[in-house]
Amino acid sequence: MIFYFLAVTLILSAILVVTLKNIFHCALFLIVAILAIAGLYFHLQAPFLGVVQLIIYIGAIMVLILFAIMLTSRISDRLLQTASRQSIPALLAVIVFILLALKSLDKTPLPAHIGKNFDPILDLGRALMTAYVLPFEVVSLLLLVALVGAIALARKD
Amino acid sequence: MVVLIPFLPALAFTILIFFGFILKEKAPWLAIAALGGSFFLSLQTAFKLFPTGREINISYPWFSFAALSFHVDILSGWMLLLVSGVGLLIVIYSVGYMKGDPRFARFFAYLSLFCAAMLGLVLSDNLLLMYIFWELVGLCSYFLIGFWFEKPAAAAAAKKAFIFTRAGDIGFFLGILLLFLSVGSFEFKTIFAAAPALLPGLLTASTLLLFCGAVGKSAQFPLYVWLPDAMEGPTPVSALIHAATMVTAGVYMIARLFPLFELAPLTLNVVGYVGIGTAIMAGLIAVTQNDIKKILAYSTISQLGFMMLGLGAHSPHAGVFHLLSHGFFKALLFLGAGSIIHALHSNELADMGGLVKAMPVTSLTFIVGTLALSGMPPFAGFFSKDEILMAAYQRLPIGFWLALPAVFLTSFYMFRLCFKVFPGEVKGHPHESPLVMTAPLIILAILACGFGFFNPFGGAAEEEAGKLFVLFASLGTAFLGIFSAWLLYGIKIISLARYKQTLLYKFVAAKYYLDEFYIWFVGGLVALISRLLAIFDQRIIDGLVNLAGLVTQGFSALNRLFDIYIVDGCVNLAGWVLGFSGEKLRRLQTGYVQNYLLFIVIGIVIIWIIKFGL
Amino acid sequence: MEIIVLSLILFGIGLFGALTRKNAIAILMAIELMLNAVNLNLAYFSHNLSNISGQVFVLFIIAAAAAEAVIGLAIIINLYREFHKIDVEEITLLKW
Chain A
476 MIFYFLAVTL ILSAILVVTL KNIFHCALFL IVAILAIAGL YFHLQAPFLG
526 VVQLIIYIGA IMVLILFAIM LTSRISDRLL QTASRQSIPA LLAVIVFILL
576 ALKSLDKTPL PAHIGKNFDP ILDLGRALMT AYVLPFEVVS LLLLVALVGA
626 IALARKD
Chain B
32 MVVLIPFLPA LAFTILIFFG FILKEKAPWL AIAALGGSFF LSLQTAFKLF
82 PTGREINISY PWFSFAALSF HVDILSGWML LLVSGVGLLI VIYSVGYMKG
132 DPRFARFFAY LSLFCAAMLG LVLSDNLLLM YIFWELVGLC SYFLIGFWFE
182 KPAAAAAAKK AFIFTRAGDI GFFLGILLLF LSVGSFEFKT IFAAAPALLP
232 GLLTASTLLL FCGAVGKSAQ FPLYVWLPDA MEGPTPVSAL IHAATMVTAG
282 VYMIARLFPL FELAPLTLNV VGYVGIGTAI MAGLIAVTQN DIKKILAYST
332 ISQLGFMMLG LGAHSPHAGV FHLLSHGFFK ALLFLGAGSI IHALHSNELA
382 DMGGLVKAMP VTSLTFIVGT LALSGMPPFA GFFSKDEILM AAYQRLPIGF
432 WLALPAVFLT SFYMFRLCFK VFPGEVKGHP HESPLVMTAP LIILAILACG
482 FGFFNPFGGA AEEEAGKLFV LFASLGTAFL GIFSAWLLYG IKIISLARYK
532 QTLLYKFVAA KYYLDEFYIW FVGGLVALIS RLLAIFDQRI IDGLVNLAGL
582 VTQGFSALNR LFDIYIVDGC VNLAGWVLGF SGEKLRRLQT GYVQNYLLFI
632 VIGIVIIWII KFGL
Chain C
3 MEIIVLSLIL FGIGLFGALT RKNAIAILMA IELMLNAVNL NLAYFSHNLS
53 NISGQVFVLF IIAAAAAEAV IGLAIIINLY REFHKIDVEE ITLLKW
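Chains as they are written, first to last, in the numbering used here: chain A, 476 to 632; chain B, 32 to 645; chain C, 3 to 98.
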């Protein structure tokens with residue numbers, strides 16, 4: 476039940492994100508969508524992901540986007556033009572894409588749910604520090620580079 | 032071992048020509064050492080061969096049709112001794128004669144090269160090899176006649192010698208080719224073996240052509256005009272090349288190929304008559320000359336004529352015997368003349384006189400040479416000339432009777448020379464030459480005295496019909512010549528001054544106008560042929576060339592059209608297609624990011640469809 | 003199963019937005035939607051297969067998304083300084 480509630484919320488808010496004319500409203504509905512996804516994570520027994528989703532997306536990325544919106548204009552009060560030259564081809568391409576994906580999904584035998592009990596947080600931490608320690612470190616490097624790059628790009632002069 | 036004989040001087044040449052400027056005054060010692068080595072080896076070979084009569088044959092593979100083959104028998108053995116021995120003496124003499132010359136070392140380099148080539152010629156056992164050395168000695172002769180090329184006369188004489196011998200060499204070469212075509216080999220032995228089977232006409236033609244080479248090289252009528260001019264070279268060169276060795280190459284060649292010539296009696300008659308004719312003509316000219324070297328040059332021509340007579344009389348041994356003895360005494364005479372010239376710095380008889388007191392050694396040796404040349408017993412010339420006359424008497428009687436005047440002329444002009452030069456008042460300030468020059472003179476004088484006693488081929492020892500008659504006839508005419516010369520120039524009781532105005536004398540003194548004839552006839556002929564060729568060239572060759580040009584032009588015009596319309600058209604089409612499609616396709620580059628993204632999505636969809644189907 | 007379809011629809015919506023929105027920030031937000039759709043998918047499979055690797059990848063993708071957002075926004079701000087607009091249809095410097 477919760478799942479369907481979350482799903483409907485997610486899809487509706489997502490549609491609003493890509494269609495609304497006011498960019499500020501778009502951002503707000505994106506927050507709603509992200510919250511819904513975080514809820515889905517909890518539902519999928521991945522509480523750590525849910526928490527991370529809340530902290531990083533809501534706490535960091537969305538704040539960043541809102542700052543950007545406010546920095547880049549007087550656009551917050553100006554309405555966006557939503558009609559695009561390629562709306563129809565884009566819509567067609569996306570529909571065909573989804574149909575194709577559904578068809579292949581239909582053909583693919585999905586594995587049955589294995590109800591193995593595991594402690595998601597403990598296992599996640601162990602996995603990060605053992606099997607995935609090198610990607611983990613690389614990610615930290617990526618973030619450092621992104622940090623330095625952002626500063627370099629946004630610096631005035 | 033034998034191959035080393037020509038190789039040593041060749042090595043000396045190589046060193047001298049490249050490092051002569053370092054050796055400078057020491058250069059001759061290298062040449063002397065090389066030639067001494069050659070002489071020693073020749074002696075060794077001779078001692079090994081002569082008692083047994085064996086032959087040495089050496090052959091290295093060379094071309095498929097010719098080998099580097101060498102051959103030593105008694106004939107070539109004696110020639111080796113002559114060339115290396117006289118060469119050695121003359122190189123020693125040159126040390127004194129050429130002292131202070133700016134190209135001192137190079138002179139010895141050329142002499143070494145000449146000796147190497149001449150020794151090679153003597154040794155070669157095949158026509159091709161012989162021809163190569165034949166031309167090489169001609170080349171050395173050119174270098175050495177023109178050694179003082181600053182003198183225009185010397186340069187001209189070098190060219191003249193080269194061209195005239197070349198004229199004969201053309202015949203020689205054609206003869207070689209003719210023989211090669213008919214026999215298929217250059218080797219002497221193969222040719223001799225195959226010769227009897229050849230057509231007589233072919234044999235006569237090829238031998239006559241070979242004789243042409245001898246005519247050029249050995250200065251026979253009508254090509255002898257180069258030899259007197261060749262006296263422009265240094266005197267040792269005249270002695271070595273133009274008296275003792277190179278000019279006798281023709282005689283040697285015929286003697287070497289005598290088995291072939293023997294089969295062509297007509298050629299032998301030609302050889303004999305040309306020889307004796309040359310002997311008389313050259314002897315007559317010698318009487319009129321006043322240049323000591325010129326007299327000796329004409330004397331050489333005359334003696335070469337005698338050798339040819341000997342060959343023509345079917346006696347190669349007589350011819351070569353005379354060649355050897357002549358080689359010794361004529362080298363002696365030339366070196367003596369060189370000694371006189373060295374002392375007086377003049378070639379003219381008028382500048383000489385009373386030399387017997389001033390230059391006793393030179394004078395005495397010169398007189399020995401003169402006696403030998405005149406055929407006085409017991410000197411070498413007597414024996415060899417006697418043998419030629421004997422052969423001629425038996426087999427070429429007309430030649431014999433013509434030879435008697437030539438004998439007379441020989442002794443006459445030589446004693447004319449002697450009577451003018453040696454007795455009487457001393458003119459100028461002559462002085463005796465240094466030992467390095469007189470020593471070779473003495474050695475050669477001894478050879479000129481003694482050589483006649485050992486006839487190299489052991490020929491005419493047996494009693495033959497008419498031997499005494501021939502002996503007395505030749506001695507008588509020779510004495511007559513000496514006596515006439517004594518009357519005219521010794522005690523001067525008869526004067527010939529008034530005869531100097533006669534037409535005949537002028538004709539002879541002008542050397543029969545042969546040079547002028549060559550200039551007029553050959554020059555005129557060449558000019559005529561050139562004119563004809565020029566017309567041919569202008570009308571036909573130029574016509575053809577122009578035609579070819581026109582054809583090419585026409586073809587080029589067609590090509591041009593093809594180029595412009597087809598080739599350029601294709602290229603332009605390709606360019607246009609690319610330009611057009613580029614013009615159209617660049618509309619894809621909208622610069623609009625989402626457009627690109629759409630293309631990516633469509634692309635993914637298409638790939639997906641292609642890959643997995645709908 | 004439903005979650006896969008859900009994430010597919012979410013991805014399609016995000017893609018549509020990325021293809022049609024004109025504001026660069028809106029495009030960025032659409033891309034965030036697509037990333038989340040992928041994350042959702044991964045989390046579902048992780049749960050379904052009881053394999054923790056899926057969640058690890060979700061974490062990495064979140065980190066990459068954060069980096070992407072930072073850089074993207076920095077670029078957008080630069081664009082704005084340069085052109086005083088962030089409308090991608092009008093910023094077509096890479097045109098022919």
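Ideal Cβ positions, reconstructed from N, Cα and C, are used throughout, including at glycine. This structure is a prediction, so every number in the text was calculated from the model and none was measured.
- By the criterion of a C-beta distance shorter than 8 Å, residue 78(C) is surrounded in its chain by 26, 27, 30, 88, once the five residues flanking it on both sides are discounted.
- At a beta-carbon threshold of 7 Å, the residues of chain A lying near residue 3(C) are 585, ordered along the chain.
- In terms of Cα proximity to residue 97(B), the closest of 160(B), 46(B), 106(B) is 160(B).
- Judged by DSSP secondary structure, residue 224(B) falls within the alpha helix (DSSP H) whose first and last residues are 219-225.
- When the five nearest sequence neighbours on each side are left out, the beta carbons in the same chain lying within less than 7 Å of the beta carbon of residue 458(B) are those of 382, 383, 384, 385, in order along the chain.
- Taken through DSSP and simplified to helix, strand or coil, residue 8(C) comes out as helix.
- Around the beta-carbon of residue 93(B), fewer than 16 other beta-carbon atoms lie within 10 Å, marking it exposed.
- Taking a cut-off of 8 Å on C-beta distances, the segment 426-440 of chain B touches the segment 297-308 of chain B, as three or more cross pairs fall below it.
- Distance from the CA of residue 139(B) to the CA of residue 187(B), rounded to the nearest whole angstrom, comes to 22 Å.
- With fewer than 16 neighbouring CB atoms inside 10 Å of its own CB, residue 641(B) falls in the exposed class.
- The shortest CA-to-CA distance from residue 352(B) to any of 275(B), 639(B), 552(B) is the one to 275(B).
- About 5 Å separates the beta carbon of residue 303(B) from that of residue 340(B), a gap short enough to meet the 8 Å contact definition.
- Under a criterion of Cβ atoms nearer than 7 Å, the residues of chain B adjacent to residue 572(A) are, in order, 632, 636.
- A buried status is given to residue 262(B), since no fewer than 16 other beta-carbon atoms sit within 10 Å of its beta-carbon.
- In the pairwise beta carbon analysis, the segment 204-211 of chain B is classified as not touching the segment 173-183 of chain B: fewer than three pairs are separated by under 8 Å.
- When DSSP states are grouped into helix, strand and coil, residue 607(A) belongs to the coil group.
- Along the segment 26-60 of chain C, the positions whose C-beta sits under 8 Å from a C-beta of chain A are 27, 28, 30, 31, 32, 34, 35, 38, 41, 42, 45, 46, 48, 49, 50, 51, 52, 54, 55, 57, 58, 60, read in chain order.
- Taking a contact as a CB-CB distance under 8 Å, the pair residue 371(B) and residue 323(B) counts as one, their CB atoms being some 7 Å apart.
- Looking only at 585(B), 512(B), 447(B), the smallest Cα-Cα distance to residue 521(B) is reached by 447(B).
- Between residue 42(C) and residue 9(C), the gap from beta carbon to beta carbon is short of 8 Å.
- For residue 90(C), the nearest beta carbon of chain A is not closer than 8 Å to its own beta carbon.
- Between residue 281(B) and the set 334(B), 231(B), 593(B), 297(B), the nearest pair of CA atoms involves 334(B).
- As for any alpha helix (DSSP H) of minimum length 4 sitting wholly inside the segment 131-180 of chain B, the runs are 135-154, 158-176, ordered along the chain.
- Interface criterion met: the Cβ of residue 565(A) is under 8 Å from a Cβ in chain B.
- The beta carbon of residue 93(C) does not come within 8 Å of any beta carbon belonging to chain A, so the residue lies off that interface.
- Annotation: residue 54(C) is outside any beta strand (DSSP E) and is labelled neither H nor E by DSSP.
- Secondary structure of residue 464(B) (DSSP, three-state): coil.
- For residue 373(B), the enclosing alpha helix (DSSP H) begins and ends at 347-375.
- Chain A has no Cβ within less than 8 Å of the Cβ of residue 616(B).
- DSSP links residue 322(B) through a beta bridge to 379(B).
- The criterion of a C-beta distance shorter than 8 Å is satisfied by residue 57(C) and residue 524(A).
- Residue 400(B) sits close to residue 367(B), with the two beta carbons spaced by under 8 Å.
- Closer than 7 Å at the C-beta level to chain C, one finds these residues of the segment 488-505 of chain A: 489, 490, 492, 493, 498, 501, 502, 505.
- Fully enclosed alpha helix (DSSP H) runs of no fewer than 4 residues occupy 573-592, 599-616 of the segment 558-631 of chain B, in order along the chain.
- Taking the C-beta atoms as reference points, residue 226(B) is found nearer than 8 Å to residue 234(B).
- In the same chain as residue 237(B), and ignoring 5 residues on each side of it, the C-beta atoms closer than 6 Å to its own belong to 206, 209, 210, in chain order.
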